[in-house]
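Chains as they are written, first to last, in my numbering: chain A, 3 to 509; chain C, 452 to 763.
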């Protein structure tokens, strides 16, 4: 609870902003879906076959997983609000269409006959009789769609459109329940409020509904127009994956680029969901730069038969040349820290047994009670490999969800876990990552991945971003991650301070 | 005048000819009743007049002009229509229901309001009380009164009624039969009325057309039909129906019931035994008023006793 209060106190404005984004994305999507689905149902109410066909099409669209749909949309329409709205509209059309259609086609045939026999015109029949009689069904369709949209709109956060999903996804990613609760509860509340609003609207007359609808369209159009006018044109878009570390890095990129090129305007898009979204966005040109790890490039982005080298420099060079030859992307120089696997123990434990490196563990292997992520326990790059390389055999090992192992070691249930070298929990729980003195773990060095197009347009950027090459140690990164994800300081502020402190930024 | 000339109606989905060479004339101001058993084509005939059903061949004319040559909407706006299932629009008030045709005819608000109130008064519904109500707040009989008012509201020359009373209880039916007779006298419109009930036909119609399997068996005035049934079918149809419609008086006369204190009665002894049977399905006993203003209590047993004796 105190965590939640803390989040509201430190990030109140951001949360309000996210709620606003969430509402506007949801509302725009609902309106567009309604504008498509309701007239379509009206047109097709007398054409059963065509209506069935459309119903099938919309049902098929419904079955596309939302992440897949976003993945398909990025190369076509880029990132941000537009693909989110398109995806949400795709999902919302079906319930609205289906309900409107069945509402219109299940009207008592006697009433239809009466309206017909009285000589009412098509439009009069529709406005006076059919739509009012179908209204309860139409409204329930809108409510279903609205609840679905508000729930699904949380995914918009994955492609840089913001919204409450930012908190949910970040909460899951960083095992921060307070964040998760803030995001989930707020979006549930939004769903309830809007559901009630729609029910309220349904009690109004058709004319008033029309007025409200028109007012909303004008309002949203006005806001969009205002934003389009006010929003400065963006020259460079820098995005980053989920979590504090990429957000800190992209803010550093932004500060450095804007210092060297005062006329360039940089926009940051933090907390992108998933590597493939970002990679697609970079290739399609809607993102210009994002920080990527050398190990990830070789593992999942380029095609290569070579197994990853354990030498950081060799790994970087291979990644760089493959990216250049296969995708024509530039991979600039990496920073100093490596964010790879590490074996982590409590500082007190390390002190008592004088542990500094993984090799030191051999002396105390019987005393070790390890908690490993299931992947780490099984994969060749994980425990089986390291056990062979260092000739280690721990006394006791249990596997557990990655999110709870840090808590388990903090509570003293276990005394060694696998982790990532820059995890903020290492600082939070007073832990220490043991040095991989035999360089067993594959190197994961961060470096800016940049589109060729950008470097052609602004060749200076290479030099600017190279200022970070070899900078930022593991401890630096851990500390910064701790400040952002545990202490909830702003990533931009933390990044700025680091740059100033290390003489990379003037002010 | 409405005239059918060599009108045929065939449905694609079966080979039966629904209407087979129909020829008839309906004079202006007539109360014209189409009567016949189900499947006789009486409703089809009615619905061809306002083109809800289109004839396969032959001509239907109104005042010499083919109905196909009229603008469909304009023509229908000049016709009243009463449905068997009443079909008041549940989303509209009684007044809005009544004035739906006048509204399409672009009558002023005041005129529409006036018409609705006048007509409601005419059918015995207090406009102050009923105009703003919704259809579901009314009883079946009241609803069909509104249904009739709705058909009359635009002051049409022709009013089509498709078995309008068959879903009503006998008391409401009686009252409404009287009401339409009164309205017909007062408003001088052409009423075309479909029923399967010969008694209703005889009670209401000036001209009665008896139909069977898509053609006319006989057409004529009430007296002609009663006195000179053209063939066995007409005679039989008439008699059969008549049998079903023996008066309750017969049971009272047979003394198979007890007299009770003076109170409101459900039926009159002039009502049909079939009406009694219908009410007895829902109630333990039915109170019937005889012509000497005494009240009799009839039970299912009374009815069974009567039927048993009648069958002997």
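Heads up, the beta-carbon is just placed ideally off N, CA and C, and yes, glycines get one too.
Remember, it's a predicted structure, so these values are computed and weren't measured experimentally.
If you reduce the DSSP assignment to three classes, tell me which class residue 289 of chain A lands in. One-based indexing of the first chain puts residue 289 of chain A at position 287. Coil.
Contact under 7 Å by Cβ, residue 93 of chain A with residue 154 of chain A: Against the first chain, residue 93 of chain A aligns to sequence position 91. Against the first chain, residue 154 of chain A aligns to sequence position 152. Yes, Cβ-Cβ distance for residue 93 of chain A and residue 154 of chain A is below 7 Å.
Are residue 260 of chain A and residue 452 of chain A touching if we call contact CB-CB under 7 Å? Position 258 of the first chain, counted from the first residue, corresponds to residue 260 of chain A. Position 450 of the first chain, counted from the first residue, corresponds to residue 452 of chain A. Their beta carbons are not under 7 Å apart, which means residue 260 of chain A does not touch residue 452 of chain A by this criterion.
Anyone know if the C-beta pair for residue 481 of chain C and residue 657 of chain C falls short of 7 Å? Stepping through the second chain from its first residue, residue 481 of chain C is reached at position 30. Stepping through the second chain from its first residue, residue 657 of chain C is reached at position 206. Result yes, Cβ atoms of residue 481 of chain C and residue 657 of chain C sit closer than 7 Å.
Between which two residues does the beta strand (DSSP E) carrying residue 460 of chain C extend? Within the second chain, numbered from 1, the residue matching residue 460 of chain C stands at position 9. Looking at the DSSP string, the run of the beta strand (DSSP E) that includes residue 460 of chain C is 453 to 461.
Can you round the beta-carbon distance between residue 544 of chain C and residue 585 of chain C to whole angstroms, since I take them to be within the 8 Å contact cut? In the second chain, the residue the question calls residue 544 of chain C occupies position 93. In the second chain, the residue the question calls residue 585 of chain C occupies position 134. Distance from residue 544 of chain C to residue 585 of chain C at the Cβ level is roughly 6 Å; contact confirmed, criterion being Cβ atoms closer than 8 Å.
State the Cα-Cα distance for the pair residue 749 of chain C and residue 573 of chain C, rounded to the nearest angstrom. Counting from one through the second chain, the residue named residue 749 of chain C turns up at place 298. Counting from one through the second chain, the residue named residue 573 of chain C turns up at place 122. Cα-Cα distance, rounded: 34 Å.
Threshold first: 4 residues or longer. Then list the alpha helix (DSSP H) segments lying entirely within the stretch 300 to 377 of chain A, N to C. 314 to 329, 349 to 354
Let me know the alpha helix (DSSP H) ranges lying completely inside the stretch 414 to 454 of chain A, each 4 residues or longer, listed in chain order. 427 to 430
By how many angstroms is the C-alpha of residue 470 of chain C removed from the C-alpha of residue 463 of chain C? Translated into positions along the second chain, residue 463 of chain C becomes position 12. Translated into positions along the second chain, residue 470 of chain C becomes position 19. One C-alpha to the other measures close to 13 Å.
By the 8 Å beta-carbon criterion, what residues does the stretch 501 to 524 of chain C contribute toward chain A? Shown in chain order are the members of the stretch 501 to 524 of chain C whose Cβ falls below 8 Å from a Cβ of chain A: 501, 503, 523, 524.
Span of the alpha helix (DSSP H) around residue 468 of chain A: Against the first chain, residue 468 of chain A aligns to sequence position 466. From DSSP, the alpha helix (DSSP H) with residue 468 of chain A extends over 462 to 468.
Along the chain, where does the alpha helix (DSSP H) that runs through residue 663 of chain C open and close? Counting from 1 along the second chain, the entry for residue 663 of chain C is found at position 212. Residue 663 of chain C -> not in any alpha helix (DSSP H); beta strand (DSSP E) instead, spanning 658 to 663.
Would you mind sorting residue 709 of chain C into buried or exposed? The rule is 16 or more other CB atoms within 10 Å of its CB. On the second chain, position 258 is the one that residue 709 of chain C refers to. Exposed is the call here.
Amino acids of chain A, ordered along the chain, whose beta-carbon sits closer than 8 Å to that of residue 532 of chain C: Translated into positions along the second chain, residue 532 of chain C becomes position 81. By Cβ distance, chain A contributes 116, 119, 120.
Would residue 290 of chain A count as contacting chain C if we go by Cβ distances under 7 Å? Position 288 of the first chain, counting from 1, holds the residue named residue 290 of chain A. Answer no: the Cβ-Cβ gap between residue 290 of chain A and chain C never drops below 7 Å.
Taking one C-beta from the stretch 321 to 336 of chain A and one from the stretch 440 to 451 of chain A each time, how about it: are there three or more such pairs within less than 8 Å? yes
Got a sec? Which residues, its chain only, sit under 8 Å from residue 754 of chain C by beta carbon, not counting five neighbours each side? Counting from 1 along the second chain, the entry for residue 754 of chain C is found at position 303. So the list reads 702, 724, 727, 728, 731, once near-sequence residues are dropped.
Starting from the beta carbon of residue 16 of chain A, find every residue of chain C whose beta carbon is closer than 8 Å, and list them in chain order. Here the question's residue 16 of chain A lines up with position 14 in the first chain. The contacting residues do not exist; residue 16 of chain A stays about 46 Å from chain C at best.
Sheet register partners of residue 747 of chain C (DSSP bridge): Counting from one through the second chain, the residue named residue 747 of chain C turns up at place 296. BP columns for residue 747 of chain C point to C:710, C:739.
Could you pull out every residue in the same chain whose Cβ sits closer than 8 Å to the Cβ of residue 570 of chain C, ignoring the five residues on either side in sequence? Along the second chain, read from residue 1 onward, the residue named residue 570 of chain C stands at position 119. Closer than 8 Å at the Cβ level, and outside the excluded window around residue 570 of chain C, lie 549, 600, 603, 604.
Beta-bridge pairing of residue 734 of chain C - partner residues as DSSP gives them: What you label residue 734 of chain C is simply residue 283 of the second chain in a count that begins at 1. Answer is none; residue 734 of chain C lacks a bridge partner.
Nonlocal neighbours in the same chain, by C-beta distance under 8 Å from residue 392 of chain A, ignoring five residues either side: To locate residue 392 of chain A, count along the first chain from 1; it is residue 390. Same-chain partners within the cutoff: 360, 361, 363, 364, 440, 442.
Just the chain A side, please: which residues come within less than 7 Å of residue 527 of chain C by C-beta, in chain order? Here residue 527 of chain C is taken as the residue at index 76 of the second chain, counted from 1. Those are 119, 120, 121, listed as they occur along chain A.
Cutoff 6 Å; reference residue 249 of chain A; Cβ partners in own chain excluding five residues on either side: Taking the first chain and counting its residues from 1, one reaches residue 249 of chain A at position 247. Take residue 249 of chain A, set aside five residues on each side of it, and the residues of its chain with a beta-carbon closer than 6 Å to its own are 242, 272, 493, in chain order.
So residue 50 of chain A contacts chain C; which residues on that side make the cut at Cβ distance below 9 Å? Locating residue 50 of chain A in the first chain gives position 48, counting from the first residue. None at all; the shortest Cβ gap to chain C is about 16 Å.
Could you run through the stretch 551 to 566 of chain C and flag, in chain order, every residue whose CB is less than 7 Å away from some CB of chain A? 551, 552, 555
Any C-beta of chain C under 7 Å from that of residue 131 of chain A: On the first chain, residue 131 of chain A is found 129 positions in, with the first residue counted as 1. At a cut-off of 7 Å between beta-carbon atoms, residue 131 of chain A makes contact with chain C.
What's the gap between the Cα of residue 494 of chain C and the Cα of residue 484 of chain C? One-based indexing of the second chain puts residue 494 of chain C at position 43. One-based indexing of the second chain puts residue 484 of chain C at position 33. Each residue's alpha carbon lies about 11 Å from the other.
Would you grab the beta carbon distance between residue 429 of chain A and residue 484 of chain A for me? Rounded to a whole angstrom, and I think it's under 8 Å. Position 427 of the first chain, counted from the start, is the residue given in the question as residue 429 of chain A. Position 482 of the first chain, counted from the start, is the residue given in the question as residue 484 of chain A. Right, the Cβ-Cβ distance comes to about 4 Å (below 8 Å), so this counts as a contact.
Contact criterion: CB-CB distance below 7 Å. Does residue 134 of chain A meet it with respect to chain C? Your numbering for residue 134 of chain A matches position 132 in the first chain. For residue 134 of chain A, the answer is yes, since a Cβ of chain C falls inside 7 Å of its Cβ.
Tell me whether the beta-carbon of residue 621 of chain C lies closer than 7 Å to the beta-carbon of residue 530 of chain C. The residue labelled residue 621 of chain C in the question sits at position 170 within the second chain. The residue labelled residue 530 of chain C in the question sits at position 79 within the second chain. No; because the gap between Cβ atoms is not below 7 Å, this pair is not in contact.
Using the Cβ count rule (16 or more neighbours within 10 Å means buried), how would you classify residue 265 of chain A? Counted from its first residue, the first chain places residue 265 of chain A at position 263. Label assigned to residue 265 of chain A: exposed.
Quick one, are the C-beta atoms of residue 20 of chain A and residue 164 of chain A less than 7 Å apart? The residue you call residue 20 of chain A lines up with position 18 of the first chain. The residue you call residue 164 of chain A lines up with position 162 of the first chain. Yes; because the gap between Cβ atoms is below 7 Å, this pair is in contact.
Would you check whether the ligand MN has a heavy atom nearer than 6 Å to the C-beta of residue 728 of chain C? Absence of the ligand MN from the depicted structure is noted, as is the absence of any ligand whatsoever, leaving it without description.
Is residue 478 of chain C helix, strand or coil by DSSP? In the second chain, residue 478 of chain C corresponds to position 27, counting from 1. DSSP places residue 478 of chain C in coil when its eight states are reduced to three.
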